[in-house]
Each structure stands twice: as C-alpha cells, then as structure tokens.
Amino acid sequence: MKSILTVALAIGALVSTVLLVMEQLTDYSTPVMAWEMPGISAAYLFWGAVGSSVFLGVAITWAVNAIVYGAPAFVVLTVIKLAIRDLPK
Numbered sequence: 003m004k005s006i007l008t009v010a011l012a013i014g015a016l017v018s019t020v021l022l023v024m025e026q027l028t029d030y031s032t033p034v035m036a037w038e039m040p041g042i043s044a045a046y047l048f049w050g051a052v053g054s055s056v057f058l059g060v061a062i063t064w065a066v067n068a069i070v071y072g073a074p075a076f077v078v079l080t081v082i083k084l085a086i087r088d089l090p091k
C-alpha cells in the first residue's frame, strides 16, 4: 500500500509541476489558473502565516496540488491492484 501511495503522490507532484510551468508558459491565463485553484486557495489561506513569502506560497500551492491530484491516482491504482488480485490464476 505504501508503494501505491508513493506512486500516486509522485503522479500528483508531476501534475502539479506541469500546472505551475504551464501557468508561466501561457502568460498566466485564466483556464490554467482554474486547474491550480486548490493549491492557490490554500496558499492564499496561509499567506499571512508564511509572512507573505512568494517562495513558501508557491511551495504550498505545489504541495496541495500534489495531494489533490494524487488522490484520484491513488484510487485508480488501488482499484487496478485489487482487480488484478482478483483475476483467476
């Protein structure tokens, strides 16, 4: 189960990284920012707690997006593992 969680978080981190890069490549367009909304919302929520640090805001955005987008990957990987386990041998 730990390996599935690790793979799911890695997938979520990859998706989060791609979203952060796409935001700069698309010149901060609205559709890309809509996909980043969970992380950006968390960054704004904790903005005062991190002392208005841009680096910590981006780190919070990246981490929250990694968890948010890793959760569906975790579910999919768990279902696939259970389906493979139940196949007749």
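Taking the working numbering, I'd label the letters of the sequence shown as residues 3 to 91. A virtual CB, placed ideally from N, CA and C, is assigned to each residue, including glycine.
Residue range of the unbroken alpha helix (DSSP H) whose run includes residue i
i	result
Pro90	Premise fails: Pro90 is in no alpha helix (DSSP H) and is neither H nor E.
Helix, strand or coil at residue i [DSSP, three-state]
i	result
Phe48	coil
Gly53	coil
Met3	coil
Proximal residues to residue i (C-beta, below 8 angstroms), its chain only, five neighbours per side dropped
i	result
Gly14	Asn67, Ala68, Ile69, Val70, Tyr71, Gly72, Ala73 and Ala75
Pro40	Val66, Asn67 and Val70
For residue j and residue i, believed in contact at Cβ under 8 angstroms, the rounded distance
i	j	result
Trp64	Ser5	Wrong, their Cβ atoms sit about 22 angstroms apart, outside the cutoff.
Leu84	Val9	15 angstroms between Cβ atoms; not a contact.
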